[in-house]
Amino acid sequence: MSLRLGDTAPDFVQESSEGEIKFHQWLGDQWGVLFSHPADFTPVCTTELGLTASLKDEFAKRNVKAIAVSVDPVDSHHRWIEDINETQNTRVNFPILADADRKVAELYDMIHPNANATLTVRSLFIIDPAKKVRLIITYPASTGRNFDEILRVIDSLQLTDNHKVATPGNWKSGDDVVIVPSLQDEAEIRERFPKGYKAVKPYLRLTPDPRKN
Ligand code: BEZ
C-alpha cells in the first residue's frame, strides 16, 4: 500500500553518492526531504538537483537534510554530479541514492507503471524529526518542481506544529495566519495571540504570525 500522511517513513539501507546510507540514522533528529527524479543526465533533473544544492543554507536554517534518489548506479551519479556542478553553478552537497535494485522506489511507491514502467516519477516526501511523513507530492517527468514551495511547506509545518494556527493559501513566512477552529477559549486566545485577531467569520480568524509577539 502506498504511504499516507502521518505514516512512519520506511527505513532502509542503500548505496549513495556519499556511501552507504542508513536512512533513519542519517536523518538523526532533523527534518528530511527525500525526492526522486526519473534519471541522471536529463535536463529537468539537472536543474532540480542544482536548485536543491543552491538552497543548502535555506535547508540548514530549517534543520532539514535533502536526499535525492533514482534507479541509476553510483558511478552514474558521480559522473552526473560533475555536470550539475558545471552547469548549475553550484556544488551538489547532499547524497543521491543509487537505487538500482529499486528498494527505495518500491518502499515509497515512486514507480508509477502507467507513467513509466521502470523509472521513478518526481515524488517528494517531507519527513519530520519523529520520522513521520508530513507532505507527499508527485509531479510528472516533464515538470520540474518548485523548491521555494517545499521551503514554504516546511515553514508552515514548523510553525503550525508549535502554535495553534494554520496557514492560509499562498501564505509565506511572516504573513498573517489563522487560529485553528478547535481553539475557542478566549482567555487562551488572548494569551497565545496578544496582538488580537480579526474574525472575518467565526471560523476564519486572522492573527499576526505568533512568533512575532
Ligand atoms: C528531465 O529530467 O528532463 C526528464 C526526465 C525524464 C523524462 C522527461 C524529462
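Going left to right, the sequence shown walks through residues 24 to 236 as my numbering numbers them. Built from N, CA and C at the ideal position, the CB exists for glycine as well.
#1: Any heavy atom of the ligand BEZ inside 8 Å of the beta-carbon of Ser165?
#2: Go ahead and pull the three-state DSSP assignment for Phe117.
#3: Would the beta-carbon of Ala128 be found less than 8 Å away from any heavy atom of the ligand BEZ?
#4: Do you know whose CA, among Ile202, Glu211, Asp151, lies nearest Tyr220's CA?
#5: Measuring CA to CA, which of Tyr131, Pro204, Leu182, Lys187 is closest to Lys224?
#6: Output needed for Thr143: all residues of its chain with C-beta closer than 8 Å, excluding positions within five of it in sequence on either side, in chain order.
#7: Judging by CA-CA distance, which residue of Gln111, Thr183, Gly42, Glu109 is the nearest neighbour of Ile90?
#8: Taking the CB atoms as reference points, tell me whether Gln111 and Leu78 lie closer together than 9 Å.
#9: By the 10 Å Cβ neighbour count, where 16 or more other Cβ atoms means buried, how is Ser165 classified, buried or exposed?
#10: Is the shortest distance between the beta-carbon of Arg125 and the beta-carbons of chain D less than 9 Å?
#11: Enumerate, from N- to C-terminal direction, the unbroken beta strand (DSSP E) stretches of 3 or more residues contained entirely within the segment 34-76.
#12: Would the C-beta of Pro136 count as close to the ligand BEZ, meaning under 8 Å from any of its heavy atoms?
#13: If you draw a straight line from the C-alpha of Phe82 to the C-alpha of Arg228, how long is it?
#14: Let me know if Phe29 comes out buried or exposed under the rule of 16 or more other beta-carbons within 10 Å of its beta-carbon.
#15: Taking the continuous alpha helix (DSSP H) assigned at Ala128, which residues delimit it?
#16: Quick check on the DSSP output: what are the complete beta strand (DSSP E) runs of length 3 or more inside the segment 128-161, in order along the chain?
#17: Using a threshold of 8 Å, is the CB atom of Pro118 nearer than that to any non-hydrogen atom of the ligand BEZ?
#18: If I measure Cβ to Cβ from Arg125 and keep anything under 8 Å in the same chain, skipping five residues before and after, which residues do I get?
#19: Identify, in the order they occur along the chain, each residue of the same chain with its Cβ nearer than 8 Å to the Cβ of His101, setting aside the five sequence neighbours on each side.
Let me lay it out:
#1: Taking the sequence shown and counting its residues from 1, one reaches residue 165 at position 142. True, at least one ligand heavy atom lies under 8 Å from that Cβ.
#2: Residue 117 sits at position 94 when you count from the first residue of the sequence shown. It is coil, neither helix nor strand.
#3: Indexing the sequence shown from 1 puts residue 128 at position 105. Because no heavy atom of the ligand BEZ lies under 8 Å away, the Cβ of Ala128 does not count as near it: no.
#4: By 1-based counting over the sequence shown, the position of residue 220 is 197. The candidate whose alpha carbon is nearest that of Tyr220 is Ile202.
#5: Here residue 224 corresponds to residue number 201 of the sequence shown, with the count starting at 1. The option with the nearest alpha carbon to Lys224 is Pro204.
#6: Stepping through the sequence shown from its first residue, residue 143 is reached at position 120. The residues are Ser59, His60, Pro61, Val92, Ser93, Val94, Asp122, Ala128, Met133, Ile134.
#7: Position 67 of the sequence shown, counted from the start, is the residue given in the question as residue 90. Among Gln111, Thr183, Gly42, Glu109, the Cα nearest to that of Ile90 is on Gly42.
#8: The count along the sequence shown starts at 1 and reaches residue 111 at position 88. The count along the sequence shown starts at 1 and reaches residue 78 at position 55. No, the Cβ-Cβ distance between Gln111 and Leu78 is not below 9 Å.
#9: Working through the sequence shown from its first residue, we reach residue 165 at position 142. Within 10 angstroms of the beta-carbon of Ser165 lie fewer than 16 other beta-carbons, which makes it exposed.
#10: The displayed structure is made up of one protein chain only, and chain D is not part of it.
#11: 54-59
#12: Residue numbering aside, residue 136 sits at position 113 when the sequence shown is read from its first letter. Here the distance from the Cβ of Pro136 to the nearest heavy atom of the ligand BEZ is not below 8 Å.
#13: Within the sequence shown, the letter at position 59 stands for residue 82. Within the sequence shown, the letter at position 205 stands for residue 228. Cα to Cα, Phe82 sits roughly 30 Å from Arg228.
#14: Here residue 29 refers to the residue found at position 6 when the sequence shown is read from its first residue. At residue 29 the sequence reads Gly, which differs from the Phe that was named. So Gly29 ends up on the exposed side.
#15: By one-based count along the sequence shown, residue 128 stands at place 105. It spans 126-130 - the alpha helix (DSSP H) in which Ala128 sits, taken as one unbroken run.
#16: 145-150
#17: Here residue 118 is taken as the residue at index 95 of the sequence shown, counted from 1. Taking 8 Å as the cut-off, one finds no heavy atom of the ligand BEZ near enough to the beta carbon of Pro118.
#18: Mapped onto the sequence shown, residue 125 falls at position 102. The answer, listed in chain order, is Val94, Ile134.
#19: In the sequence shown, counting from the first residue as 1, residue 101 sits at position 78. In its chain, beyond the 5 residues on either side, Ser40 have a beta carbon closer than 8 Å to the beta carbon of His101.
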